[in-house]
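In the working numbering, the protein residues as written are 4 to 360.
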Ligand SMILES: Cc1ncc(C[n+]2csc(CCOP(=O)(O)OP(=O)(O)O)c2C)c(N)n1
Ligand SMILES: [Mg+2]
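Listed below in structure tokens is the structure:
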């Protein structure tokens, strides 16, 4: 299949795409680990052990993380939005350190100071999750420019939600990436909602790939129920980005639960939610593995059980870890070293004494 044909197939729904660059079993395992991890994150919240009150689960969206990360190389970098646990896990993060971070513990990736929405890890190329809608997008343009300049052969990928499709920063970033032929990929995890607003109430045109193509990027939309389709399309886009042609991918998924843990989705009908959850990427991959006789139910049950044990241990690890000491408050925050904190009373006197105060 020529690249043009592949591009067309991807935009049209991708049914004719070549499949299986990764084994479906590997993609299933990654998705199952994300699903189980996210369920444990929910448990951490219910037990009152998470740091902060906002947690955003990616249950129902696992194919976007598993499919795109399967197409990445070790030197590649990425940023995520506020719903990024699954992406980091698919990239190879240690779930214990992740859970500890979400719990605000010193054994976490950022020693408990990043939490769910600001987790980062340079070793795995995670340039940072970001709570501001669209906030992580421009960083990949900088990373792409740096990679090109330093000849690092790395691609930088921004993951964000459909809410960011209405943010100006995305278009400034796409424009610059296209103009400078940067090794960058923009991935929209289109779960149909930005908080309680359905996407067609937020924008007139939901053909997001057309917007990217208008800027001179490769553009594709894939059905996120099919993780193999996501992986095959992502591989094409990542490979092209590495060669200097940036791209955009919209992965169409359904957010199974509310925006955050306290949201019971009163703005969605039960019928819609049932239909959305029917297209479960994890279960569909499992069914296909069995139907195509690639794996037996017994083998998959054993794998699932092993994952449950692994993820149960993340809760014990997080709950059993210590919170960072107060004395470490300013360490690792802005720069290396530990500035001496100024006593509050001294600071107040200093501010009040300022001429322009
Ligand atoms: C610039 C900005 N505006 C508003 C918010 C409040 N907010 C947090 S998440 C969110 C919805 C984001 O929706 P989407 O980008 O589709 O991601 P999803 O939550 O669906 O994964 C909004 C409006 C914010 N964090 N940043
Ligand atoms: Mg959304």
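From the three backbone atoms N, C-alpha and C, an ideal C-beta is built for every residue, glycine too.
For clarity, every value in this text was computed on a predicted model and none was experimentally measured.
query                                                                                                     : result
Below 6 Å from a heavy atom of ligand 2 - residues by beta-carbon                                         : 164, 165, 166, 194, 196 and 197
Where residue 130 sits in the DSSP three-state scheme                                                     : strand
For residue 64, three-class secondary structure by DSSP                                                   : coil
Sub-8 Å separation of residue 120 and residue 132 beta-carbons                                            : yes
Residue 210 burial status per 10 Å Cβ neighbour count (16 or more: buried)                                : exposed
Unbroken alpha helix (DSSP H) run spanning residue 189, endpoints                                         : Segment 187 to 193 is the beta strand (DSSP E) holding residue 189; no alpha helix (DSSP H) there.
Sequence ranges, alpha helix (DSSP H) only - wholly within the segment 130 to 213, length at least 4      : 140 to 153, 171 to 182 and 202 to 205
Residue environment, residue 344, which counts as buried when at least 16 other CB atoms sit within 10 Å  : exposed
Buried or exposed by the 16-neighbour rule on C-beta atoms within 10 Å, applied to residue 107            : buried
At least three beta-carbon pairs within less than 8 Å, the segment 72 to 81 to the segment 225 to 240     : yes
Check: residue 134 C-beta below 7 Å from any heavy atom of ligand 1                                       : yes
Any non-hydrogen atom of ligand 1 within 7 Å of residue 36 CB                                             : no
Counted within 10 angstroms of its Cβ, other Cβ atoms place residue 154 as buried (16 or more) or exposed : exposed
Buried versus exposed, by CB contacts within 10 Å (16 or more), residue 243                               : buried
Segment contact, 8 Å Cβ cut-off, at least three pairs: the segment 60 to 71 with the segment 124 to 139   : no
Identity of the residues DSSP links to residue 303 by a beta bridge                                       : In the DSSP output, where bridge partners are listed per residue, residue 303 has none listed.
C-beta atoms of residue 105 and residue 54 nearer than 8 Å                                                : yes
With 16 other Cβ atoms within 10 Å as the buried cut-off, status of residue 213                           : exposed
Residue burial classification, residue 98 (beta-carbon count within 10 angstroms, cutoff 16)              : buried
Cβ-Cβ separation, residue 221 to residue 251 (assumed contact under 8 Å), whole Å                         : 7 Å
Test item: CB-CB of residue 137 and residue 92 under 8 Å                                                  : no
Identity of the residues DSSP links to residue 251 by a beta bridge                                       : 189 and 222
Contact check, residue 39 vs residue 293, beta carbons under 8 Å                                          : no
Cβ neighbour criterion (16 or more within 10 Å) applied to residue 100                                    : buried
Rounded C-alpha distance that separates residue 330 from residue 241                                      : 43 Å
Residue 236, enclosing beta strand (DSSP E) - first and last residue                                      : Not the beta strand (DSSP E): residue 236 falls in the alpha helix (DSSP H), residues 230 to 245.
Any non-hydrogen atom of ligand 1 closer than 7 Å to residue 419 Cβ                                       : Given a span of 4 to 360 for the chain in the structure shown, any question on residue 419 remains unanswerable.
Inter-residue spacing [alpha-carbon to alpha-carbon] between residue 216 and residue 181                  : 10 Å
Euclidean distance between Cα positions of residue 61 and residue 151                                     : 32 Å
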